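The structure appears below as structure tokens.
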Amino acid sequence: MFTGIVEETGTVRSLTLPTGPDGDAADAVITVDARIVTSDASLGDSIAVDGVCLTVRTLDPDRGAFTADVMPETLRRTALSRLAPGARVNLERAVRADTRLGGHIVQGHVDGVGALRSRTPGARWDDLVVDVPAGLARYVAEKGSVTVSGVSLTVTAVGDDWFGVSLIPTTLEETVLGDLPPGAPVNIEVDVIAKYVERLLGDRS
Numbered sequence: 047m048f049t050g051i052v053e054e055t056g057t058v059r060s061l062t063l064p065t066g067p068d069g070d071a072a073d074a075v076i077t078v079d080a081r082i083v084t085s086d087a088s089l090g091d092s093i094a095v096d097g098v099c100l101t102v103r104t105l106d107p108d109r110g111a112f113t114a115d116v117m118p119e120t121l122r123r124t125a126l127s128r129l130a131p132g133a134r135v136n137l138e139r140a141v142r143a144d145t146r147l148g149g150h151i152v153q154g155h156v157d158g159v160g161a162l163r164s165r166t167p168g169a170r171w172d173d174l175v176v177d178v179p180a181g182l183a184r185y186v187a188e189k190g191s192v193t194v195s196g197v198s199l200t201v202t203a204v205g206d207d208w209f210g211v212s213l214i215p216t217t218l219e220e221t222v223l224g225d226l227p228p229g230a231p232v233n234i235e236v237d238v239i240a241k242y243v244e245r246l247l248g249d250r251s
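All the letters of the sequence shown, read from the start, carry residue numbers 47 to 251 under the working numbering.
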């Protein structure tokens with residue numbers, strides 16, 4: 047489990063995308079340079095990469111890097127396959143039981159890929175509008191929580207196929223959302239509680 051509070055931005059060193067017999071990516075191996083999240087990491091640990099929970103496969107502590115496998119399901123549901131060497135990514139280690147939950151409950155299980163529709167600069171903040179995939183908008187509520195590429199954010203407005211968020215100076219400076227251009231893809235994870243409520247109410251109807 048994660049909180050959506052990004053610890054650092056890392057850099058993609060490589061992304062290997064072998065193709066299967068149907069021409070689609072069968073799986074992938076990603077290598078990320080990152081000093082903070084690898085400082086105490088062990089093989090098998092979970093690290094969220096742009097909001098996607100990945101398992102550490104190998105570690106290179108001297109260079110501050112780790113590799114992880116990315117399964118076909120993850121490639122289909124996230125924007126990881128669109129990353130290129132040199133791309134910056136948001137990183138967060140799994141939350142510890144003895145620390146504060148600063149954001150909200152984030153599983154690292156991306157629900158779909160959205161896109162940044164617009165960015166409006168403010169005095170010390172930016173207002174963003176994000177296009178949300180069909181079927182996910184119903185889980186997003188004004189003043190509720192949403193995860194955008196691993197960043198826990200509060201929803202400021204919501205429409206049929208979009209939602210708004212505001213980025214404080216810390217988010218602008220310390221995550222990849224700070225310089226994300228309109229049209230860029232983003233990983234979206236909605237609040238898991240909303241999905242469970244829908245499931246329970248559906249079973250009762």
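Glycine included, C-beta positions come from ideal geometry on N, C-alpha and C.
What you are looking at is a predicted structure, and each value in this text was computed from that prediction instead of being measured.
- Taking the Cα positions, G56 is about 22 Å away from V192.
- The three-state reading of DSSP puts P231 in strand, counting E and B together.
- Excluding its 5 nearest sequence neighbours in each direction, A125 has C-beta neighbours in its own chain below 6 Å: V159, P231 and N233, listed in chain order.
- In this structure, the beta-carbon distance from T49 to E138 falls below 9 Å.
- The Cβ atoms of L174 and L182 do not sit closer than 9 Å to each other.
- Just so you know, the alpha carbons of L223 and R123 end up roughly 20 Å apart.
- Spatial neighbours of G205 in its own chain (CB-CB distance under 8 Å, excluding positions within 5 residues in sequence) are listed in chain order as A183.
- Nearest C-alpha to S195 among L218, D106, V156 and P167: V156.
- Apart from the 5 residues on each side of it in sequence, I151 sits with its Cβ closer than 7 Å to the Cβ of M47 and V238 in its chain, given in chain order.
- Straight through space, the alpha carbons of R59 and D106 are spaced by roughly 12 Å.
- The segment 198-232 is shown to contain whole alpha helix (DSSP H) runs of 4 or more residues at 215-220, in chain order.
- Put simply, of E235, T120 and V52 the residue whose alpha carbon is nearest the alpha carbon of P179 is E235.
- Counting only the Cα atoms, V52 lies some 16 Å from L226.
- DSSP, reduced to helix, strand and coil, places L89 outside both helices and strands of the structure shown, so it counts as coil.
- Contact between S164 and P228 is confirmed by a C-beta separation of about 6 Å, below the 8 Å threshold.
- Around the C-beta of V243, fewer than 16 other C-beta atoms lie within 10 Å, and the residue is accordingly described as exposed.
- For the segment 83-142, the continuous beta strand (DSSP E) assignments of 3+ residues that do not extend past its boundaries occur at 92-95, 98-106, 111-116 and 134-139, in sequence order.
- In the DSSP secondary-structure assignment, E54 is bridged to L137.
- Our two residues, I82 and D207, have alpha carbons roughly 36 Å apart in a direct line.
- Boundaries for R184: no beta strand (DSSP E) harbours it, and the DSSP string shows neither H nor E there.
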